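Start counting the sequence shown at 1; every next residue gets the next number (UniProt numbering). A short worksheet on the structure shown next.
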Amino acid sequence: MALRAVAASRGLRRFFSTSTLPAFNPLPTADADLQKPKAEPSTNLFISGLNKRTTTTENLKAKASEFGEVVHAKVVTDRVSGYSRGFGFVEYATLEDAAKGVTGMDGKYLDGWVIFAEYSKPRSTQTPPSSNMSSPYGNRFPPYGRQ
């Protein structure tokens, strides 16, 4: 009887859980959680949601030129297959043109797919990869050839 009272008060999921951590809630609790941090306004735009068959930049450049002077447009393609990776970049001449491009292209159709436009974030500086000779567990053994 006491077991039922404990299970009812705490919930069956929590009662049978082996973790001492609070229950996982996959739903966000506030509107602030739904908003991703926005990038600062720049002349470079990130365009996502492109059709996989869109490999030429002419379609993207033509769509972007409706909203201002395009300096450069690029659809990022896969090296092996040659198909689009689903995103690209458009660079405008001025910030005003870029702002018009974000509002004009976000949620619109290109080649039958809905595309999304936002200001691109600067590339993060990544450290170059180290050599494969190092061990993740420390340097317990000397490298080959040297003793």
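We put the CB at the ideal spot given by N, CA and C, even for glycine. This one's a predicted model, so the numbers in the text were calculated from it and none came from an experiment.
With a 10 Å radius around its C-beta and 16 neighbouring C-beta atoms as the bar for buried, classify residue i as buried or exposed.
{"i": "residue 112", "result": "exposed"}
{"i": "residue 95", "result": "exposed"}
{"i": "residue 63", "result": "buried"}
{"i": "residue 124", "result": "exposed"}
{"i": "residue 117", "result": "buried"}
With distances taken Cα to Cα, identify the nearest neighbour of residue i among the options.
{"i": "residue 55", "options": "73, 84, 89 and 67", "result": "84"}
{"i": "residue 65", "options": "98, 122 and 40", "result": "98"}
{"i": "residue 115", "options": "45, 93, 122 and 124", "result": "45"}
{"i": "residue 67", "options": "124, 120, 103 and 51", "result": "103"}
{"i": "residue 57", "options": "43, 49, 51 and 73", "result": "73"}
Hey, does residue i have any beta-carbon neighbour from chain C nearer than 8 Å?
{"i": "residue 76", "result": "In the displayed structure, chain C is absent; only one protein chain is listed."}
Using DSSP's beta-bridge definition, name the partner residues of residue i.
{"i": "residue 88", "result": "47 and 75"}
{"i": "residue 110", "result": "113"}
- Message: Below 8 Å, how does it come out for the stretch 103-121 and the stretch 73-85: are there three or more Cβ pairs, yes or no?
- Response: no
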